[in-house]
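**Student:** Those sequence lines, one after another, are chains A and B. The first sequence begins at 164 in the numbering used here and counts up by one. The second sequence begins at 415 in the numbering used here and counts up by one. Built from N, CA and C at the ideal position, the CB exists for glycine as well. So that we are looking at the same thing, I have put the structure below in structure tokens.
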Amino acid sequence: AQSVAQPEDQVNVAEGNPLTVKCTYSVSGNPYLFWYVQYPNRGLQFLLKYITGDNLVKGSYGFEAEFNKSQTSFHLKKPSALVSDSALYFCAVRRFRDQGGKLIFGQGTELSVKP
Amino acid sequence: GAGVSQSPSNKVTEKGKDVELRCDPISGHTALYWYRQSLGQGLEFLIYFQGNSAPDKSGLPSDRFSAERTGGSVSTLTIQRTQQEDSAVYLCASSLGSGSTDTQYFGPGTRLTVL
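Below, the structure is given as structure tokens:
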């Protein structure tokens, strides 16, 4: 069965510092991995995805994520956090060639960036 | 261009009543998904539509839940005889196709409260 784990319920970072939001996955076969962000009372906004190729994926708002197959991880990173990055972040996985496949989401990580 | 829209944004109903939630996908998107976001369960897949194919209903929690998609565009999620445990945010997403690499774009959600 496919699953996603986000081991931290909350991450606290000072503005200007680098941030990392962790994600590990379990899936048979090759995974397709996604990061979404949710601001209060809003839907999910797509940030980035890993399909194949370069393990470092760049996305919206200066975010990037690194795919590590040996560690089955897909951590979200940003070199310099902004207060406006404070939100709920979700990692999701889909299985290779899973036609019409639903996304399997992690439980979410609340990111808080303080001035 | 216009994103996924959902209506109503908020719905308060009494236990036992039926409710209908509406989703307008991005124009040209052939795949449409419904998810539910609740505190205890996180983000759960409910149902998926692709073109004229039979929907994947594997995530519907009970036979009180049903959905339809008319004309390959607008979708309605219906919950009959609502229960308090149905209280959640219902999110709709659409994607250009149903391939496993296709990105799902989410609407703002409908917050359902069952009293």
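Give the residues of chain B in contact with Leu185/A, contact being defined as C-beta atoms less than 9 angstroms apart.
**Tutor:** Taking the first residue of the first sequence as position 1, residue 185/A is located at position 22. Sequence inspection shows Lys at residue 185/A; the Leu mentioned does not correspond to that position. Here the premise fails: no neighbours, minimum Cβ distance about 16 angstroms.
**Student:** With a threshold of 16 other CB atoms inside 10 Å of the CB of Pro203/A, please say whether the residue is buried or exposed.
**Tutor:** Indexing the first sequence from 1 puts residue 203/A at position 40. With fewer than 16 Cβ atoms within 10 Å of its Cβ, Pro203/A is classed as exposed.
**Student:** Where does Glu499/B sit, in a helix, a strand or coil, going by DSSP?
**Tutor:** For the purposes of this step, residue 499/B is identified with residue 85 of the second sequence, where counting begins at 1. Three-state result, Glu499/B: helix.
**Student:** To the nearest angstrom, how far is it from the Cα of Ser419/B to the Cα of Pro181/A?
**Tutor:** Taking the first residue of the second sequence as 1, we reach residue 419/B at position 5. Taking the first residue of the first sequence as 1, we reach residue 181/A at position 18. The alpha-carbon atoms of Ser419/B and Pro181/A are separated by roughly 34 angstroms.
**Student:** With distances taken between CB atoms, is the gap from Ala244/A to Gly179/A smaller than 8 angstroms?
**Tutor:** Mapped onto the first sequence, residue 244/A falls at position 81. Mapped onto the first sequence, residue 179/A falls at position 16. Result yes, Cβ atoms of Ala244/A and Gly179/A sit closer than 8 angstroms.
**Student:** Just to confirm the assignment: which complete beta strand (DSSP E) runs, minimum length 3, are found wholly within the stretch 428-513 of chain B?
**Tutor:** 433-438, 445-452, 456-464, 479-483, 489-493, 502-509
**Student:** With a cut-off of 8 angstroms, do at least 3 Cβ pairs link the stretch 193-202 of chain A to the stretch 220-235 of chain A?
**Tutor:** With the cut-off at 8 angstroms, the stretch 193-202 of chain A and the stretch 220-235 of chain A touch.
**Student:** Against chain A, which members of the stretch 447-472 of chain B pass a CB distance test of less than 7 angstroms?
**Tutor:** Tyr447, Gly456, Leu457, Phe459, Tyr462, Gln464, Asp470
**Student:** Between Gly511/B and Gly206/A, what straight-line distance do the alpha-carbon atoms span, to the nearest angstrom?
**Tutor:** Numbered from its first residue, the second sequence carries residue 511/B at position 97. Numbered from its first residue, the first sequence carries residue 206/A at position 43. Answer to the nearest angstrom: the Cα atoms are 20 angstroms apart.
**Student:** When you compare each of Tyr224/A, Pro242/A, Lys265/A, Asp248/A to Ala255/A by their alpha carbons, which one comes out closest?
**Tutor:** To locate residue 255/A, count along the first sequence from 1; it is residue 92. Measuring from the Cα of Ala255/A, the nearest candidate turns out to be Lys265/A.
**Student:** With a 10 Å radius around its C-beta and 16 neighbouring C-beta atoms as the bar for buried, classify Gly430/B as buried or exposed.
**Tutor:** Position 16 of the second sequence holds residue 430/B. Exposed, by the Cβ-count rule.
**Student:** Residues of chain A with a CB under 9 angstroms from the CB of Pro522/B: which are they?
**Tutor:** For the purposes of this step, residue 522/B is taken as residue 108 along the second sequence, with counting starting at 1. Chain A residues near Pro522/B: Asn204, Arg205, Gly206.
**Student:** Where DSSP assigns a beta bridge to Tyr224/A, which residues make up the other side?
**Tutor:** Along the first sequence, read from residue 1 onward, the residue named residue 224/A stands at position 61. Bridge partners of Tyr224/A: none, in fact.
**Student:** Are the CB atoms of Leu251/A and Gln201/A nearer to each other than 8 angstroms?
**Tutor:** As a first step, residue 251/A must be located in the first sequence, where it is residue number 88. As a first step, residue 201/A must be located in the first sequence, where it is residue number 38. Yes, they are a contact pair.
**Student:** Please report the residue range of the beta strand (DSSP E) in which Cys186/A lies.
**Tutor:** Within the first sequence, numbered from 1, the residue matching residue 186/A stands at position 23. DSSP places Cys186/A in no beta strand (DSSP E); its state is neither H nor E.
**Student:** Taking its Cβ as the centre, do 16 or more other Cβ atoms sit within 10 Å of Ala445/B, making it buried, or is it exposed?
**Tutor:** If you number the second sequence from 1, residue 445/B lands on position 31. Result: buried.
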